[in-house]
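Notes follow the structure.
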Amino acid sequence: MTKNTPYIHTAPYPGPILAVVLDWAGTAVDHGSLGPTAVFARSFAEHGVDVTLDEIRPFMGLEKIDHVRAMLKLDSVAAKWREAAKTEPDEKAVNAVYALLEPMMVEAVTSHAEPITGVVEAMDALRRRGVAIGSCTGYTLPMMEALVPVAAAHGYAPDYWTCASEAPAGRPWPWMCYQNAMALDVYPMEAMVKVGDTVSDIQEGRNAGMWAVGVCRTGNELGLSEAEVASLDPAELRRRMREVADRFFAAGAHFVVESAADLEIVIDDIEGRMQKGVTPLFAGPISHKILAGVR
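Last residue of the sequence shown: 295 (the UniProt record's numbering), numbering continuous.
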């Protein structure tokens, strides 16, 4: 509820869902979350270190400097850094990589700002039923100031956005979700759904006391463009999405969808369960199925 219709939290919140909080790359825009991965590869390559997608993608969703820090803690990346830079992969190394990464990322996000197919229409449908559209990201303020107007020109404009550099800490801490709740004037947290394409998105939503929904086809974990998804053998696509879904469920996801375009069917399901007293706080996976709307 909002300050105009206060809800006193002495019993399980019975619904409805009042807000969703979407991640950006891989969830709302940039099918496959391709923009950030290329920038991480380039920023390390400038230091003579060739990193692989398997070394980049596990940390997607974190604040970008934390992402660099996590990569340099990998034994494989640390060894390559020592070989190339002849120095330790310490905080000085983190800052050296990040100094190149941020301006590259500011440039890259504008060319990866197109909304994922069906997301704009899905957000319009949610707004018609009174659901506010929030968002948060591991991008920094300069990156978002570049991305937001371009995404809006393509038709995607959430009601609120915040980013890791504007919060006390990024994911998996819940602070960006709380910023959304305050800005959108929504509570309790059970009235909100966190949607994202990384494990850290799921952890963030669970830590905030929200419903947590993973996106398995359009995002970082699958890591394929829309064209690559379309060209993949259907059985192989299902197998890979199943692997992604299992990682999300293991992280605490209540639901997994193929795309954020499928959110309405999840909202319907959640609202039905809330009327029966189900809350997100202690609930495990609601269904191990991957939910998808009619395409």
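Every residue gets a Cβ at the ideal spot worked out from N, C-alpha and C, and that includes glycine.
{"Check": "Quick one: is the Cβ of Ser111 within less than 8 angstroms of any heavy atom of the ligand PLP?", "Outcome": "The ligand content of the structure shown is nil, which means the ligand PLP is not present either."}
{"Check": "Note down the Cα distance separating Ala84 from Pro12, rounded to an integer number of angstroms.", "Outcome": "56 angstroms"}
{"Check": "Determine the burial state of Gln275: buried for a count of at least 16 other Cβ atoms within 10 Å of its Cβ, exposed for fewer.", "Outcome": "exposed"}
{"Check": "For Lys179, which of Ala70, Lys194, Thr162 and Gly252 has the nearest alpha-carbon?", "Outcome": "Per the sequence presented here, residue 179 reads as Gln, with Lys not at that position. Gln179 has its Cα closest to that of Thr162, out of Ala70, Lys194, Thr162 and Gly252."}
{"Check": "For the putative contact between Arg247 and Val199, defined by C-beta atoms under 8 angstroms, what is the C-beta separation to the nearest angstrom?", "Outcome": "6 angstroms"}
{"Check": "Beta-carbon within less than 6 angstroms of Ile56's beta-carbon, same chain only, minus the 5 sequence neighbours each way: which residues are those?", "Outcome": "Thr37 and Phe40"}
{"Check": "Between Val195 and Leu18, which are expected to be in contact by the criterion C-beta below 8 angstroms, what is the C-beta distance as a whole number of angstroms?", "Outcome": "Not really, about 14 angstroms apart at Cβ, beyond 8 angstroms."}
{"Check": "Beta carbon of Ala151, beta carbon of Ile202: below 9 angstroms?", "Outcome": "no"}
{"Check": "Report all residues from its chain with a CB closer than 7 angstroms to the CB of Thr140; omit the five preceding and five following residues, and keep chain order.", "Outcome": "Lys64, Glu102, Cys163, Ala164 and Ser165"}
{"Check": "Out of Glu228, Gly214 and Ala181, which has the shortest C-alpha to C-alpha gap to Glu243?", "Outcome": "Gly214"}
{"Check": "Output needed for Gly205: all residues of its chain with C-beta closer than 6 angstroms, excluding positions within five of it in sequence on either side, in chain order.", "Outcome": "Lys194 and Ala212"}
{"Check": "Please go through the same chain and pick out, in chain order, the residues whose beta-carbon is closer than 6 angstroms to the beta-carbon of Val256, but skip the five residues on each side of it.", "Outcome": "Gly214, Cys216, Ala245, Phe248 and Ile290"}
{"Check": "Would Asp66 be called buried (16 or more neighbouring beta carbons within 10 Å of its own) or exposed?", "Outcome": "buried"}
{"Check": "Output yes or no for whether 9 angstroms exceeds the beta carbon distance between Leu147 and Trp24.", "Outcome": "yes"}
{"Check": "On a Cα-Cα basis, can you pick out the residue from Pro174, His112 and Asp50 that is closest to Arg82?", "Outcome": "Asp50"}
{"Check": "Per DSSP, what kind of secondary structure is Pro280 in: helix, strand or coil?", "Outcome": "coil"}
{"Check": "I need the straight-line Cα distance from Phe59 to Thr110, nearest angstrom please.", "Outcome": "22 angstroms"}
{"Check": "Is it true that the CB of Val20 sits closer than 9 angstroms to the CB of Ile116?", "Outcome": "no"}
{"Check": "Is Pro14 helix, strand or coil when you go by DSSP?", "Outcome": "coil"}
{"Check": "What's the gap between the Cα of Ala281 and the Cα of Ala45?", "Outcome": "What sits at residue 281 in the sequence shown is Leu, not Ala. Their backbone Cα atoms lie some 43 angstroms apart in a straight line."}
{"Check": "Please report the straight-line C-alpha distance between Asn185 and Glu236, rounded to a whole angstrom.", "Outcome": "A small correction: the amino acid at residue 185 is Asp; Asn does not occupy that position in the sequence shown. Computed Cα separation, rounded: 43 angstroms."}
{"Check": "Taking only the alpha-carbon atoms, compute the straight-line gap between Glu91 and Arg69 and give it to the nearest angstrom.", "Outcome": "8 angstroms"}
{"Check": "Extract the residue ranges of the alpha helix (DSSP H) inside the stretch 202-256, only unbroken runs of 4 or more that lie entirely within it.", "Outcome": "226-231 and 234-251"}
{"Check": "According to DSSP, is Leu22 helix, strand or coil?", "Outcome": "strand"}
{"Check": "Give the range of the alpha helix (DSSP H) segment to which Met192 is assigned.", "Outcome": "No alpha helix (DSSP H) contains Met192, which is instead part of the beta strand (DSSP E) from Met192 to Gly196."}
{"Check": "I need the boundaries of the alpha helix (DSSP H) containing Gly35, first residue and last residue.", "Outcome": "Leu34 to Ala45"}
{"Check": "Could you check whether Val119 and Ala261 sit closer than 9 angstroms to each other, using their CB atoms as the reference points?", "Outcome": "yes"}
{"Check": "The alpha helix (DSSP H) spanning Ser76 covers which residue range?", "Outcome": "Asp75 to Ala85"}
{"Check": "Roughly how many whole angstroms lie between the Cα atoms of Ala93 and Pro168?", "Outcome": "23 angstroms"}
{"Check": "In three-state terms, what does DSSP make of Pro172?", "Outcome": "coil"}
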